[in-house]
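**Q** Below is a structure I'd like to ask you about.
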Amino acid sequence: MTSLLDDLNDAQLEAVTTTDGPLLVLAGAGSGKTRVITRRAAYLANTVTQPRHILAITFTNKAAGEMRERMEALGFGREMMVCTFHSLGARLLRWYAPQAGLKPNFTIFDESDRRSVVKQAIADAGLSTTNWVPAKVQADISDAKTRLLTPEQYAAEAGGLSFTEQTIARVYRIYQQLLEQQQAVDFDDLLLKTAFLLGNHPDLRAHLEDRFRYVLIDEYQDTNHTQYMIARGLTLKNENICATGDPDQSIYAWRGASIRNILEFEHDFPTAKVVRLEQNYRSTKHILSAAGSLIQSNTQRKKKDLWTENDLGAAVRVVEREEPADEADFLVEEIKAHVQSGGSLNEIAIFYRTNALTRIIEEAFLRAGISYQIARGTEFYNRKEIKDLLGYLRLLVNPADGIALRRSINTPARGIGKTSLERLTRYAEANEITTFEAADRADQIPELKRAAGRISVFIQLMRELQPLADGPAHVAVEQVFAGSGLAKELDGPDPRNIEAVENVDELISAAADFMKSNPEGTLAEWLQQVSLVSDVDAVDTDAGVVTLMTLHAAKGLEFPKVYIIAVEDGLLPHAGYRDEPAQIEEERRLCFVGMTRAQQQLTLSYAQWRTIRGMNTRTTASQFLAELPSEEIEWDLQQEEESFRDKADFQRPGQGDYREWKNGMYLRHPQFGLGRLLWKEASGKLTRAGVRFTSYGEKTLILEYAKMTPLDVDECQL
DNA sequence: CCAGAGCGCCTTTTT
DNA sequence: GGCGCTCTGG
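See below:
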């Protein structure tokens, strides 16, 4: 027991031992939050309750798994419920399917399934996908769901709104009907329907509150309104809610997360106690200073100071290279040197803003023989052979799953083409039955002609496979692969076939692992788990390889050496995200999250040009680099070179040679508009300058980074 | 009905 | 640069 409270600082101790009532733990990066949460759960289980009455909600399944393991290691067994909001939703919706208006065998549609349904809904509404971009419509529907609006409510609201919104309301309604017909829910529904379940069934809510007497929620800064409603619903009476988070690490506003939840916690729970963890145990002083300096540029922020007793450490580095291949070579050299000096590949992580940036790094690593892993757990499940196989399995669990049926019915090819499928779907719609049921009476649909027989063969096959749905998941995967004809299609010496079969074997192993840790588990439950895997879930921190991941995926992790690549204007901050100050601030937090993952050494790099969507483009270093404490940073910059002119497809509007700029001349800045140069001075390898802007006042800028264009005086209308 | 070629589109992050 | 959609010839 005492060991649970050992080596905790005062603030951590308070967070662990404050058992009852609402508690908000504002935990800065690297402040020992994970440890606090685990100890707290253990402490609760030891003093005021039992593990089965504790519910811990984490951000990823990986984090949930680790927490479960720690509790088990502390001797608390596996009784405590640890899950993500989405997996909690999935579980509650299955437990209480009738109350939620679902069948317990419902399917969870992933983003690509969802995209298909959106397209179909747009078509059914008599609209064209050229005018109504599926991705945009999908985002609008998702938005509505995050605001807890049903199609009816959205339509009611849209009544007084624009044509666009009224149309979205129509599509949303059709979209939702399509999901219902297929006994399917999307990721938003897992939250929305759970929130409604709690809101509409007081008895059920009370029952759950008695089961989950203590609720812990991690990464609270990244929860959205629906998740807040679930949290509120589960703790309405006893208010034993402990939320941990850090507003400076809020990076999911784009998917509806609201920083409001953490900022208003004390308002939502007036009796709340707030504990601040500000001592950092992870990083060196240099790293913290750089990260702190960056985040201070955010204006919408509660002031918080992270400090550490750790060493000063090595200087943070900013590395410039001519092109992405050079940047990759730089990484290769660094990694080789690291290994040569006795370091392990485990200790190195590479972060980036977008997934597309990995290709050149991967090529360089393959050439250099550096083993690496990419946090892309979902990618595996997007492979054709895996999707094909999962299609059959999904159909066995839920025959109403139209997306799965469309995929499976002609894979491998059975001579059932688009036209036949269309006729089948139309028949199903006209008779208000599922496509599967329509297929079952194919012989009664004359339009199908020859295809009817082929469809019957498929239905017969599904009937034969059906019993597998009730057996162990891995047996089902194996037997369906063999029985569906998919195995036969992949039979052959083609290396692509061999790889595909290996992937299938991996899928079988994954299912077997699941059955091992869930002996009572069903195929349906395994499929549910599969549909909720996240990218970072696949990361194995002991794999002895370099880890590559997006900045988003990096949240919550730590590595001795961190490299953040492509720190360029347009990528970080990302081009789609730099117009509004609030968006820039989120991008800055994203950079902050990446930087604070580093324990000993942090390196930020960028290239002078990069191929973006097939075009060589001149780049500019990110403005964030100018916000670092430049005197503490070790700069490794390239000599200016002119040859790029020949390589560029497009040239950046020339800023001219700033060395020749005179005080008093007029300049235009992309964000601040018109301004006048007051002074400039050399600062290390960079040039600082003071500019007075007509609408933003006086600012100090780094001329190498600020994208300013000199103006002719005539051009200025003063 | 199907496979493969050709064309146009696009910013991105994920449960 | 890559994906998804459409068109075309077999």
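Mapped onto my numbering, the consecutive letters of the first sequence carry residue numbers 6 to 723. For glycine and all other residues, C-beta sits at the position ideal for the given N, C-alpha and C. Just so you know, these numbers come straight off a predicted model, no measurement behind them.
Tell me whether the segment 62-72 and the segment 534-545 touch, counting them as touching only if at least three CB pairs, one residue from each stretch, are closer than 8 Å.
**A** Judged by Cβ distances under 8 Å, the segment 62-72 makes contact with the segment 534-545, as three or more pairs qualify.
**Q** Taking C-beta to C-beta, are Asn2 and Arg593 nearer than 8 Å?
**A** An answer regarding residue 2 cannot be provided, because it is not within the stretch 6 to 723 covered by the chain.
**Q** So, helix, strand or coil for Ser117, using DSSP?
**A** Reading the first sequence from its first residue, position 112 is the one you call residue 117. The answer is helix: DSSP assigns Ser117 an H, G or I state.
**Q** Over what stretch of residues does the alpha helix (DSSP H) that includes Arg399 continue unbroken?
**A** To locate residue 399, count along the first sequence from 1; it is residue 394. Run containing Arg399: Lys389 to Val402, per the alpha helix (DSSP H) assignment.
**Q** Compute the Euclidean distance between the alpha carbons of Glu636 and Val280, then round it to the nearest angstrom.
**A** Within the first sequence, numbered from 1, the residue matching residue 636 stands at position 631. Within the first sequence, numbered from 1, the residue matching residue 280 stands at position 275. For Glu636 and Val280, the distance between alpha carbons rounds to 34 Å.
**Q** For the alpha helix (DSSP H) containing Gln182, name the first residue and the last one.
**A** Taking the first sequence and counting its residues from 1, one reaches residue 182 at position 177. First-last of the alpha helix (DSSP H) with Gln182: Phe168 to Gln186.
**Q** Could you give the first and the last residue of the continuous alpha helix (DSSP H) run that contains Tyr48?
**A** Position 43 of the first sequence holds residue 48. Here the alpha helix (DSSP H) through Tyr48 covers Lys38 to Thr52.
**Q** On the premise that Asn14 lies in contact with Gln284, defined as a C-beta separation below 8 Å, what is that separation, rounded to the nearest angstrom?
**A** Within the first sequence, the letter at position 279 stands for residue 284. Within the first sequence, the letter at position 9 stands for residue 14. Contact flag correct, Cβ pair sits at about 6 Å.
**Q** When we look at the beta-carbon of Pro404 and count the other beta-carbons within 10 Å, is it buried (16 or more) or exposed?
**A** Reading the first sequence from its first residue, position 399 is the one you call residue 404. It is buried - the Cβ of Pro404 has at least 16 other Cβ atoms within 10 Å.
**Q** So, for Pro31: in the same chain, excluding its five sequence neighbours on each side, which residues have a beta-carbon less than 6 Å away from its beta-carbon?
**A** Position 26 of the first sequence, counted from the start, is the residue given in the question as residue 31. The question names Pro, but residue 31 in the sequence shown is Leu. The residues are Arg281.
**Q** If I follow the unbroken alpha helix (DSSP H) through Asn14, where does it start and stop?
**A** Here residue 14 is taken as the residue at index 9 of the first sequence, counted from 1. Per DSSP, Asn14 belongs to no alpha helix (DSSP H) and is neither H nor E.
**Q** Assuming the contact rule is C-beta atoms closer than 8 Å, Ala548 and Gln378 should be a hit. Round their C-beta distance to whole Å, please.
**A** In the first sequence, the residue the question calls residue 548 occupies position 543. In the first sequence, the residue the question calls residue 378 occupies position 373. Confirmed, about 6 Å.
**Q** Quickly, what does DSSP pair Ala354 with across the bridge? List them, please.
**A** Translated into positions along the first sequence, residue 354 becomes position 349. Looking at the DSSP assignment, Ala354 forms a beta bridge with Thr552 and Val567.
**Q** Buried or exposed for Asp475, going by 16 or more other Cβ atoms inside 10 Å?
**A** In the first sequence, counting from the first residue as 1, residue 475 sits at position 470. Label assigned to Asp475: exposed.
**Q** Starting from Thr240, follow the beta strand (DSSP E) in both directions and report where the run begins and ends.
**A** Within the first sequence, the letter at position 235 stands for residue 240. It is not in any beta strand (DSSP E) - Thr240 carries neither H nor E in the DSSP assignment.
**Q** Is it right to say Asp208 is buried, meaning 16 or more other beta carbons lie within 10 angstroms of its own, or is it exposed?
**A** Position 203 of the first sequence, counting from 1, holds the residue named residue 208. With fewer than 16 other Cβ atoms within 10 Å, it is exposed.
**Q** Measure from the alpha carbon of Thr624 to the alpha carbon of each residue in Ala612, Arg618, Leu633 and Ala330, then state which is nearest.
**A** Here residue 624 corresponds to residue number 619 of the first sequence, with the count starting at 1. Nearest to Thr624 by C-alpha distance, out of Ala612, Arg618, Leu633 and Ala330, is Ala612.
**Q** In the structure shown, what three-state DSSP assignment does Asp445 receive?
**A** Numbered from 1 along the first sequence, position 440 holds the residue referred to as residue 445. It is helical.
**Q** Work out the CA separation of Val535 and Leu491 for me, nearest whole Å.
**A** In the first sequence, counting from the first residue as 1, residue 491 sits at position 486. In the first sequence, counting from the first residue as 1, residue 535 sits at position 530. If you take the alpha carbons of Leu491 and Val535, they lie about 20 Å apart.
**Q** When the Cβ atoms of the segment 97-116 are set against those of the segment 124-136, are three or more pairs found closer than 8 Å?
**A** Because the criterion of three Cβ pairs below 8 Å is not met, the segment 97-116 and the segment 124-136 do not touch.
**Q** Which word fits Arg428, buried or exposed, when buried means at least 16 other C-beta atoms lie within 10 angstroms of its C-beta?
**A** Working through the first sequence from its first residue, we reach residue 428 at position 423. Under this definition Arg428 is a buried residue.
**Q** Under the DSSP definition of a beta bridge, which residues are partnered with Cys88?
**A** Within the first sequence, numbered from 1, the residue matching residue 88 stands at position 83. Bridge partners of Cys88: Ile62.
**Q** With distances taken Cα to Cα, identify the nearest neighbour of Ile355 among Asn415, Pro156 and Phe564.
**A** Within the first sequence, the letter at position 350 stands for residue 355. Answer by Cα proximity: Phe564.
**Q** Here's the rule I'm using: 16 or more other beta-carbon atoms within 10 Å means buried, otherwise exposed. How should Ala765 be labelled?
**A** A query on residue 765 cannot be resolved here, the shown segment of the chain reaching from 6 to 723 and no further.
**Q** How would you label Trp531, buried or exposed, when you count the other beta carbons within 10 angstroms and need 16 or more for buried?
**A** Position 526 of the first sequence, counted from the first residue, corresponds to residue 531. Classification of Trp531: buried, given that the 10 Å Cβ count is 16 or more.
**Q** Suppose contacts are defined by Cβ-Cβ distances below 8 Å. Is Asn245 in contact with Arg216 by that definition?
**A** For this step, residue 245 is matched to residue 240 along the first sequence. For this step, residue 216 is matched to residue 211 along the first sequence. Going by C-beta atoms, Asn245 is not nearer than 8 Å to Arg216.
**Q** CB Glu271 to CB Leu241, shorter than 8 Å?
**A** Taking the first residue of the first sequence as position 1, residue 271 is located at position 266. Taking the first residue of the first sequence as position 1, residue 241 is located at position 236. Contact: no.
**Q** What residues in its chain sit with their C-beta under 6 Å from that of Glu573, if we drop five residues either side in the sequence?
**A** Residue numbering aside, residue 573 sits at position 568 when the first sequence is read from its first letter. Within the same chain, Tyr611, Thr624 and Ser627 come within 6 Å of Glu573 by CB-CB distance, once the 5 residues on both sides are set aside.
**Q** What are the start and end residues of the beta strand (DSSP E) that includes Val30?
**A** Counting from one through the first sequence, the residue named residue 30 turns up at place 25. Residues Leu28 to Ala32.
**Q** What first and last residue would you give for the alpha helix (DSSP H) that runs through Ala515?
**A** Position 510 of the first sequence, counting from 1, holds the residue named residue 515. Counting along the chain, the alpha helix (DSSP H) containing Ala515 begins and ends at Pro500 to Ser522.
**Q** Near Pro139, which residues of its chain fall below 7 Å by C-beta distance, leaving aside the five closest residues on each side in sequence?
**A** Walking along the first sequence from the start, residue 139 turns up at place 134. Contacts found: Arg120, Val123, Lys124 and Ile127.
**Q** What is the rounded straight-line gap between the Cα of Glu19 and the Cα of Asp25?
**A** Within the first sequence, the letter at position 14 stands for residue 19. Within the first sequence, the letter at position 20 stands for residue 25. Roughly 12 Å between the two C-alpha positions.
**Q** In three-state DSSP terms, what is Gly250?
**A** Taking the first residue of the first sequence as position 1, residue 250 is located at position 245. In the structure shown, Gly250 sits in a strand (DSSP, three-state: E or B).
**Q** Quick test of the definition: if touching needs 3 or more C-beta pairs under 8 Å, does the segment 503-517 touch the segment 367-381?
**A** no
**Q** Looking at the structure shown, is Thr383 part of a helix, part of a strand, or coil, going by DSSP?
**A** By 1-based counting over the first sequence, the position of residue 383 is 378. The answer is helix: DSSP assigns Thr383 an H, G or I state.
**Q** Measure from the alpha carbon of Val480 to the alpha carbon of each residue in Ala631, Ser514 and Thr359, then state which is nearest.
**A** The sequence position of residue 480 within the first sequence is 475, counting from 1. Nearest option by C-alpha distance: Ser514.
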